[in-house]
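Have a look at the structure below, then the notes.
Residue numbers (the numbering used here): 11 to 189.
Shown next, in the form of structure tokens:
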């Protein structure tokens, strides 16, 4: 009999169910709490506030889920279900959907590394302008460095020097478009 009565209630995930353990392990999902009607999961993948909000919004509309809440700081999701037990197939479908929604959420999330790089460039720009009384900014410093490297390398490595010259030109062209 494959009917797993009260899978959430008994926390049967920890009793050697290979399929579930594999999904939980590969997706870095940890069961924090499980009893009748309630399941709390934690994953580092859910610590992004955009991802967390997307998952809560999407999962709230499922008919088997009464309520979804959690903490993006901790990366937890608490599910309150409308039924006390699930079959193997139902719980497998729930976990598969959760993983798929997490992956989809990352496709819709803003790119934070580029934003941080841009913020760093802006801070460096402000520091350079303050330190040089407005004479030098990041683009000017990069233009000077790449031009100097191109001139220095032209005899020994002309292909590399041309790359530096192309980069200098693209920096100069971008700086001129800002004006």
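Think of the CB as a built atom: it goes at the ideal place given N, C-alpha and C, for glycine as much as any other residue.
Where the beta strand (DSSP E) through residue i begins and ends
i	result
residue 45	39-45
Counted within 10 angstroms of its Cβ, other Cβ atoms place residue i as buried (16 or more) or exposed
i	result
residue 90	exposed
residue 62	buried
residue 115	buried
residue 44	buried
residue 144	exposed
residue 167	exposed
residue 87	buried
residue 96	buried
residue 153	buried
Residue i in three-state terms, based on DSSP
i	result
residue 174	helix
residue 153	helix
residue 48	strand
residue 84	coil
residue 165	coil
residue 129	helix
residue 146	coil
residue 181	helix
residue 140	helix
Per DSSP, the bridge partner or partners of residue i
i	result
residue 123	Residue 123 is not bridged to any residue.
residue 78	89
residue 53	39
Residue i - containing alpha helix (DSSP H), residue span
i	result
residue 110	98-118
residue 67	59-69
Minimum Cβ-Cβ distance from residue i to chain D less than 9 Å
i	result
residue 158	Here there is only one protein chain, and chain D is not present.
| query | Contact between the region 136-145 and the region 167-177: three or more CB pairs below 8 Å? | reply | no
| request: Could you say if the region 52-66 and the region 78-86 meet the contact criterion of at least three C-beta pairs nearer than 8 Å? | output: yes
| field | Contact between the region 95-102 and the region 110-130 (3+ Cβ pairs under 8 Å) | value | no
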